[in-house]
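In my numbering, the protein residues as written are -11 to 284.
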């Protein structure tokens, strides 16, 4: 599952404290028990700290985070899975990038070098990540299209503090756990906060399909990079029932096959519904290994 944390000082000081990052990571130990890693950068312009609590799934021995590019000027912490990293790697190597690991995280670093913020357009997966560009003094964060992986942030004492879970932001020590009455009203009305609000005042969620860019002057820009494309209800449906069923099956097969890439055994959770049963049947059909299933 993994978890990420980070701090960006917007007024160039005080210096980043490794102890704060470690405290935040401690709050995410349940997400990434395999290893902790931190990165701190400080100069006269910016100060940033990144941290990762890793659950090893791909490249168990070589995928330690934070991960950098070849010359150590672009760093990333990442939570999620990039399903098409196998296809991305040869494309990036052809462009001149050198890989030191076999993990999906490193592919994002080189994609950012090649395409900047448009790197997210090339990703097939579920993700939340933060990239620090030392040369440009830019912090770039993004979340997957439908928000499978969480990413929260707050502004406190001229610092941007972010993490996979709110409890990690609170562990930094500069944010009070104060309930937001507007969000409580939303929860009682809609059963969920309306993003970017959370249940805590001053703590926000980066919306699904959005990225955040923070420049050297501390200006924060949040923009969507993807929105759902809904068909016009007034137009006739372009497929017959059989065509739609075949298209759904093709998409499910493709999505299932690409998710079977892992360096650890793959299992399936059976909820008793059609969705988990269909997915498990496809997994069983497209893998040679015995499929372990679990239910509650």
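Note that the Cβ used here is the ideal one computed from N, Cα and C, for glycine as well.
C-beta atoms of residue 139 and residue 36 nearer than 8 Å: Cβ atoms of residue 139 and residue 36: not closer than 8 Å.
Selected residue, minimal CA-CA separation from residue 274, among 249, -10 and 64: Among 249, -10 and 64, the Cα nearest to that of residue 274 is on 249.
Sequence-distant residues of its chain with Cβ nearer than 6 Å to residue 146 (five each side left out): Closer than 6 Å at Cβ, skipping near neighbours: -2 and -1.
Inter-residue spacing [alpha-carbon to alpha-carbon] between residue 251 and residue 221: Looking at the backbone, the Cα of residue 251 and that of residue 221 are separated by about 44 Å.
Span of the beta strand (DSSP E), counted from its first residue to its last, around residue 144: Counting along the chain, the beta strand (DSSP E) containing residue 144 begins and ends at 140 to 144.
Inter-stretch contact (C-beta, 8 Å, three-pair minimum) for the region 173 to 192 and the region 26 to 40: No, because fewer than three Cβ pairs between the region 173 to 192 and the region 26 to 40 fall closer than 8 Å, the two stretches do not touch.
Beta-bridge partners of residue -5, as assigned by DSSP: In the DSSP output, where bridge partners are listed per residue, residue -5 has 37 and 149.
Beta-carbon spacing of residue 116, residue 173 below 8 Å: Residue 173 is positioned such that its CB atom lies no closer than 8 Å to that of residue 116.
Residue span of the beta strand (DSSP E) that contains residue 65, given as start and end: Where residue 65 is concerned, the enclosing beta strand (DSSP E) starts and stops at 62 to 70.
Beta-carbon proximity list for residue 282, same chain, < 8 Å, skipping 5 on both sides: If we look at residue 282 and ignore the five residues flanking it on each side, its Cβ neighbours are 255, 256, 257 and 258.
Alpha helix (DSSP H) segments (min. 4 residues) lying fully within the region 163 to 241: The qualifying runs are 169 to 178.
Length of the line joining the Cα atoms of residue 65 and residue 162: If I take the Cα positions, the gap works out to 22 Å.
Residue nearest to residue 216 in terms of C-alpha spacing, selected from 206, 253, 134 and 176: The shortest C-alpha separation from residue 216 is found at 134.
Where residue 243 falls: helix, strand or coil (DSSP): Collapsing the DSSP output to three states places residue 243 in a helix.
One or two residues paired with residue 56 in a DSSP bridge: Beta-bridge partners assigned by DSSP to residue 56: 63.
Three-way DSSP call (helix, strand, coil) for residue 131 in this model: Residue state, collapsed to three classes: strand.
Delimiting residues of the alpha helix (DSSP H) encompassing residue 26: From DSSP, residue 26 is part of no alpha helix (DSSP H) but of the beta strand (DSSP E) over 23 to 30.
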